[in-house]
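Enquirer: Mind looking over this structure? Questions follow.
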Amino acid sequence: MIFVDSPLSIEATNMVKRFPQYFNKRIQNVMKSDDDPFMFPGLTYIKDVQDSKALNFRNGPMVIISASGMADAGRVKHHISNNIENSRNAIVMTGYCEPSSLGARLLSGTKEVGIFGTEHQVNAEIGQIRSMSAHGDYEDMSQWLACQNPRAVRKLF
Numbered sequence: 001m002i003f004v005d006s007p008l009s010i011e012a013t014n015m016v017k018r019f020p021q022y023f024n025k026r027i028q029n030v031m032k033s034d035d036d037p038f039m040f041p042g043l044t045y046i047k048d049v050q051d052s053k054a055l056n057f058r059n060g061p062m063v064i065i066s067a068s069g070m071a072d073a074g075r076v077k078h079h080i081s082n083n084i085e086n087s088r089n090a091i092v093m094t095g096y097c098e099p100s101s102l103g104a105r106l107l108s109g110t111k112e113v114g115i116f117g118t119e120h121q122v123n124a125e126i127g128q129i130r131s132m133s134a135h136g137d138y139e140d141m142s143q144w145l146a147c148q149n150p151r152a153v154r155k156l157f
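Counting in UniProt numbering, the final residue of the sequence shown is number 157, and the numbers go up one at a time with none missing.
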């Protein structure tokens, strides 16, 4: 089972889904055979706090996708607190982490972290996927530029 446990991410996903004409070409090609690339069997979106808390009592393999890339706030911090001491778990960071954030401390290899006033042994495997970014890529930038007046665009940073 895969759970998306982030109300803000769910709202953002729903907003993005309203404008498929702005998806990049790769996703538009996927949509020729899949009208909702944001949903698939085994995926559950969690909105309710009680449903989020219930994830702590589930047995068996699962993936919890939760926002706050630096792991300093929100539901992700609770999930880390509840799962960090189990060596059968993995915590994977996918974005930039400010050096003093919980995410950066985990990535630095620290063996103990304080979360909500409680010290936790870091027994879970900590990993990072560096290829994911919240920023647009070359194709996104090219698509945006194609809609601009070439005479008005003098520099691009």
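Ideal placement from N, C-alpha and C gives every residue a C-beta, glycine not left out. These numbers come from a predicted model, not from an experiment.
#1: Grab the span of the beta strand (DSSP E) containing Gly127 for me, first residue to last.
#2: Confirm, please, whether the CB-CB distance from Lys17 to Asp36 is below 9 Å.
#3: Would you list the one or two residues that DSSP bridges to Gln121?
#4: With H, G and I counted as helix, E and B as strand and the rest as coil, what does DSSP make of Ile84?
#5: Give the secondary structure of Tyr138 by DSSP, where H, G and I count as helix, E and B as strand, and everything else as coil.
#6: Among the candidates Gly95, Pro99 and Gly103, whose CA atom is the shortest distance from the CA of Ile84?
#7: Report the CB separation of Val76 from Ser66 in whole angstroms; it is logged as a contact under 8 Å.
#8: Mind checking which residues open and close the beta strand (DSSP E) that includes Asp35?
#9: Would you report the Cα separation of Met71 and Leu156, rounded to the nearest angstrom?
Expert: Let's see:
#1: Counting along the chain, the beta strand (DSSP E) containing Gly127 begins and ends at Glu125 to Gln128.
#2: For Asp36 and Lys17, yes; Cβs fall inside 9 Å.
#3: Bridge partners of Gln121: Glu112.
#4: Coil, per DSSP.
#5: Reduced to three states, the DSSP call for Tyr138 is helix.
#6: Considering only alpha carbons, the answer is Gly103.
#7: 4 Å between Cβ atoms; contact.
#8: Looking at the DSSP string, Asp35 is not in any beta strand (DSSP E), and its letter there is neither H nor E.
#9: This sequence places Ala at residue 71; Met is not what is there. Going by C-alpha positions, Ala71 is about 32 Å away from Leu156.
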